[in-house]
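One structure is given below, encoded as structure tokens.
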Amino acid sequence: MEVWDADDFDPWDALRWQSVRVLFYRQYKSNGTLFEAFWLTDFPTHRLSSRSLFGLAKSRWEIENQGFNEAKNRYGLEPICHHHPQSLLLVWLITCLALTIASAGTSGTLQNPRPNQLLLPHVPKPLGSLEFA
743 MEVWDADDFD
753 PWDALRWQSV
763 RVLFYRQYKS
773 NGTLFEAFWL
783 TDFPTHRLSS
793 RSLFGLAKSR
803 WEIENQGFNE
813 AKNRYGLEPI
823 CHHHPQSLLL
833 VWLITCLALT
843 IASAGTSGTL
853 QNPRPNQLLL
863 PHVPKPLGSL
873 EFA
């Protein structure tokens with residue numbers, strides 16, 4: 743495995759970083775295939791070592807890969823084709839849905855109601871719950 747790290751690149755016009763740090767990773771897998779990756783960051787080397795940056799980048803990739811595998815194997819979802827014209831919109835909408843669900847779960851909006859009661863937290867008190875027969 744090889745890791746190359748340099749933090750002295752100038753950012754491009756639209757990027758508002760003081761400098762760009764590039765971490766390059768190359769590894770030959772046991773079956774002989776070559777795997778290469780580049781990661782860009784604005785963390786300087788004195789705040790985050792090459793080894794720590796590599797660990798963060800790899801763990802993020804592993805979490806993302808687990809999510810894709812879970813979606814495909816458990817739920818039968820195929821990967822989103824990033825070359826499709828609507829893919830950016832689709833990713834944005836899915837992200838908004840996930841953030842909404844996560845926000846509702848952490849704010850206490852999503853609660854386990856009693857079996858015969860549906861809670862409506864944003865409805866005035868007299869209409870705040872519905873009873874089912």
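When you read off a place in the sequence shown, starting at 1, and then add 742, the result is the number in the numbering used here. Think of the CB as a built atom: it goes at the ideal place given N, C-alpha and C, for glycine as much as any other residue.
Separation of the CB atoms of F751 and V764 is rounded to 6 Å, and the pair is thereby assigned contact status at 8 Å. Here the alpha carbon of W759 sits roughly 35 Å from the alpha carbon of T775. Taking 8 Å as the cut-off, the Cβ atoms of S761 and D747 do not count as close. Annotation for Q769: the continuous beta strand (DSSP E) segment containing it runs 762-770. The C-beta of L782 has fewer than 16 other C-beta atoms within 10 Å across all chains shown, which makes the residue exposed.
The beta-carbon distance between A779 and Y767, rounded to whole angstroms, is 5 Å. This is short enough to meet the 8 Å contact definition. In the DSSP assignment, E744 falls within the unbroken beta strand (DSSP E) covering 744-751. One thing to note: V745 has its Cβ within 8 Å of the Cβ of F796.
Following the DSSP letters along the chain, one finds L795 inside the alpha helix (DSSP H) bounded by residues 792-817.
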